[in-house]
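Visitor:
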Amino acid sequence: MTKIKTIGILTSGGDAPGMNAAIRAVTRSAIYHGLRVMGIKRGYYGLVFNEIEEFSSKSVSNIVQHGGTILKTARCREFTTAEGRATAFENMRNAGIDALVVIGGDGTLTGARIFAEEFDIPIIGLPGTIDNDLGGTDRTIGYDTALNTIVEAVDKIRDTATSHERLFFVEVMGHMAGYLALNGAIASGAEAAIIPEKETEIDQLADLVNRGFRKSKSSAIVLVAENPETGGALGLAQRIKEEFPEYDARVTILGHLQRGGSPTAADRILASRMGAQAITALMEGQRNVMIGIKNGELVYTPFSKATTEKKPVSNADIELVKILSI
Ligand code: F6P
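Residues 1 to 326 in the working numbering are what the sequence shown spells out, letter by letter.
(1) Which ranges would you report for the alpha helix (DSSP H) in the region 238-313 if only whole runs of at least 4 residues count?
(2) Starting from L10, follow the beta strand (DSSP E) in both directions and report where the run begins and ends.
(3) Which residue spans inside the region 47-112 form an unbroken alpha helix (DSSP H) run of at least 4?
(4) Using the Cβ count rule (16 or more neighbours within 10 Å means buried), how would you classify P312?
(5) Exposed or buried, what is V222 when buried is set at 16 or more other beta-carbons lying within 10 Å of its beta-carbon?
(6) Applying the criterion that 16 or more other CB atoms from any shown protein chain within 10 Å of the CB defines a buried residue, is H175 buried or exposed?
(7) Just confirm the distance between the C-beta atoms of S188 and T108, as a whole number of angstroms; I'd bet it's less than 8 Å.
(8) Hey, would you say I141 sits closer than 9 Å to A22, going by beta carbons?
(9) Please state whether DSSP places R24 in a helix, a strand or coil.
(10) Enumerate in chain order the residues of its own chain whose CB-to-CB distance from I261 is below 7 Å, with the five nearest sequence positions on each side excluded.
(11) Short of 7 Å in beta carbon distance, which residues of its chain neighbour T230, apart from the five on each side in sequence? Order them along the chain.
(12) Which partner residues of R36 appear in the DSSP bridge assignment?
(13) Are there any heavy atoms of the ligand F6P lying less than 8 Å away from the beta-carbon of H66, as far as the coordinates show?
(14) Going by the CB atoms, is the gap between E284 and G136 shorter than 9 Å?
(15) In terms of residue numbering, what span does the beta strand (DSSP E) encompassing G125 cover?
(16) Assuming the contact rule is C-beta atoms closer than 8 Å, L320 and I186 should be a hit. Round their C-beta distance to whole Å, please.
(17) Tell me where the alpha helix (DSSP H) around L180 begins and ends.
(18) Expressed to the nearest angstrom, what Euclidean distance is found between the alpha-carbon atoms of T27 and E199?
(19) In the DSSP assignment, what are the bridge partners of V224?
(20) Pair every Cβ in the region 282-299 with every Cβ in the region 117-124, then say whether three or more of these pairs are closer than 8 Å.
(21) According to DSSP, simplified to helix, strand and coil, what is I202?
(22) Excluding sequence positions up to five away, which residues of its chain have a Cβ less than 8 Å from the Cβ of Y45?
(23) Return the CA-CA distance between I70 and L167, expressed in angstroms with no decimal places.
(24) Comparing C-alpha positions only, which one of E171, A220, K72 sits nearest to G255?
(25) Short check: CB of F303 to CB of A112, under 9 Å?
(26) Quick check: what's the CA-CA separation for Q204 versus A233?
(27) F115: buried (16+ other C-beta within 10 angstroms of its C-beta) or exposed?
(28) Name the DSSP bridge partner or partners of I141?
(29) If we ignore side chains and look at the alpha-carbon of each, how far apart do D106 and L134 end up?
(30) Take Y179 and list the residues in its own chain whose beta-carbon comes closer than 6 Å to its own, dropping the five residues that flank it on each side.
(31) Give the C-beta separation of A99 and I7 to the nearest angstrom, bearing in mind that I take them to be a contact with Cβ-Cβ under 8 Å.
(32) Does the beta carbon of V60 sit closer than 9 Å to a beta carbon anywhere in chain C?
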């Protein structure tokens, strides 16, 4: 195994608050340990199209507090082809990069797994996604900030929902995972969360109506996990309007505002710890693993497991939303 002298760092896929804190931690830890750092722009696109520049510790000054990613991000079609990855490898070698640290969600880690297998490159992944949908970690970078953004928005919607005595369906992101909807519902006191991990949306809606969720209340808020197949919150509101016209239903889709904003302290700390650990992992000879956090401890999980393992939502939490909404 050749000694690692230069690492490359990139962010890819949907941005997540805390990615900058991770870039800063990776860069400064690497420099602290005598490694050179190359910043790769726009995710794998920058590897394929050679958008690579050397980073100093100053390159990452004054970014820990900002959402988004100073490296920019993209979903790169060229990198999904063998030719694209061969060009990426050539550019990487020409820039003197011996190992990579990639920050992103399941698409990013899947790309990393394939690239690492094809070219025998040491790669460490950091889980950067608001969705919290990766195996091998209790939390992903960006999830806590997105959750707080959701809670702030729902608190505001609550004011108008109460005043007008309306039923609101608030759609949140999640990429077919219900973490944001479920924990957003617990934290904001929503009457229900409709999530993909449970039976169909229609069954969950029927359950809600059957348990007379408005008996003791004149307004209600239901958090709905986005669902491109069923139409999510819009589809459910339409159904309610048709079947229960007595409910004055409204829809709010929170959308991309969930991905922005200054990261919470929890996300900054998580990203900083994981970023520093990525360099420790490379120096220990780890390769092709994602850094995760389990029960407060940093752990390694192979890319294949992190992207395929289903992380179940807690049944107790599902029950909790029900109990607390009586
Ligand atoms: O994976 C992060 C995420 O924000 C998902 O929650 C959402 O489904 C998707 O990205 C949106 O992607 P885009 O940036 O392409 O609109």
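By construction, the Cβ of each residue, glycine as well, lies at the ideal position given by its N, Cα and C atoms.
Guide: Working from what's here:
(1) 265-283, 303-308
(2) To locate residue 10, count along the sequence shown from 1; it is residue 10. L10 -> beta strand (DSSP E) spans 6-11.
(3) 82-94
(4) Start at 1 with the first residue of the sequence shown, and residue 312 comes out as number 312. Exposed.
(5) If you number the sequence shown from 1, residue 222 lands on position 222. Buried, because 16 or more other Cβ atoms sit within 10 Å of the Cβ of V222.
(6) Position 175 of the sequence shown, counted from the start, is the residue given in the question as residue 175. Flag for H175 reads buried.
(7) Here residue 188 corresponds to residue number 188 of the sequence shown, with the count starting at 1. Here residue 108 corresponds to residue number 108 of the sequence shown, with the count starting at 1. The Cβ separation is near 30 Å, so there is no contact.
(8) In the sequence shown, the residue the question calls residue 141 occupies position 141. In the sequence shown, the residue the question calls residue 22 occupies position 22. Result yes, Cβ atoms of I141 and A22 sit closer than 9 Å.
(9) Here residue 24 refers to the residue found at position 24 when the sequence shown is read from its first residue. Helix at R24.
(10) Within the sequence shown, numbered from 1, the residue matching residue 261 stands at position 261. Reading the sequence as shown, one finds Gly at residue 261 and not Ile. Excluding positions up to five away in sequence, the list reads P17, G67, T145, T149.
(11) For the purposes of this step, residue 230 is taken as the residue at position 230 of the sequence shown. Answer for T230: E201, listed in chain order.
(12) Looking up residue 36 in the sequence shown gives position 36. Per DSSP, T6.
(13) Along the sequence shown, read from residue 1 onward, the residue named residue 66 stands at position 66. False, no ligand heavy atom lies under 8 Å from that Cβ.
(14) For the purposes of this step, residue 136 is identified with residue 136 of the sequence shown, where counting begins at 1. For the purposes of this step, residue 284 is identified with residue 284 of the sequence shown, where counting begins at 1. It is not a contact, given that the beta carbons lie outside the stated cut-off.
(15) Walking along the sequence shown from the start, residue 125 turns up at place 125. Element bounds for G125: 123-127.
(16) Within the sequence shown, numbered from 1, the residue matching residue 320 stands at position 320. Within the sequence shown, numbered from 1, the residue matching residue 186 stands at position 186. Indeed, because the Cβ distance is near 6 Å, the residues count as touching under 8 Å.
(17) Looking up residue 180 in the sequence shown gives position 180. Looking at the DSSP string, the run of the alpha helix (DSSP H) that includes L180 is 179-188.
(18) For the purposes of this step, residue 27 is identified with residue 27 of the sequence shown, where counting begins at 1. For the purposes of this step, residue 199 is identified with residue 199 of the sequence shown, where counting begins at 1. Each residue's Cα considered, the two are about 44 Å apart.
(19) Residue 224 sits at position 224 when you count from the first residue of the sequence shown. Answer is E171, I194, bridged to V224.
(20) yes
(21) Locating residue 202 in the sequence shown gives position 202, counting from the first residue. If DSSP states are grouped into helix, strand and coil, I202 belongs with the helices.
(22) Translated into positions along the sequence shown, residue 45 becomes position 45. Taken in chain order, the residues that qualify are E51, A74, C76, E78, F79.
(23) Here residue 70 refers to the residue found at position 70 of the sequence shown. Here residue 167 refers to the residue found at position 167 of the sequence shown. Near 40 Å, if we compare the C-alpha coordinates of L167 and I70.
(24) Taking the sequence shown and counting its residues from 1, the one referred to as residue 255 is at position 255. G255 has its Cα closest to that of E171, out of E171, A220, K72.
(25) For this step, residue 303 is matched to residue 303 along the sequence shown. For this step, residue 112 is matched to residue 112 along the sequence shown. Yes, the pair counts as a contact, with Cβ atoms nearer than the cut-off.
(26) Working through the sequence shown from its first residue, we reach residue 204 at position 204. Working through the sequence shown from its first residue, we reach residue 233 at position 233. Approximately 12 Å, taken between the alpha carbons.
(27) Working through the sequence shown from its first residue, we reach residue 115 at position 115. Under this definition F115 is a buried residue.
(28) Here residue 141 refers to the residue found at position 141 of the sequence shown. Looking at the DSSP assignment, I141 forms a beta bridge with G128.
(29) As a position in the sequence shown, residue 106 is number 106, starting the count at 1. As a position in the sequence shown, residue 134 is number 134, starting the count at 1. D106 and L134: Cα-Cα distance of roughly 7 Å.
(30) For the purposes of this step, residue 179 is identified with residue 179 of the sequence shown, where counting begins at 1. Within the same chain, Y179 has close Cβ partners N132.
(31) Translated into positions along the sequence shown, residue 99 becomes position 99. Translated into positions along the sequence shown, residue 7 becomes position 7. Rounded, the Cβ-Cβ distance is 5 Å, consistent with contact.
(32) Included in the structure is just one protein chain, with no chain C present.
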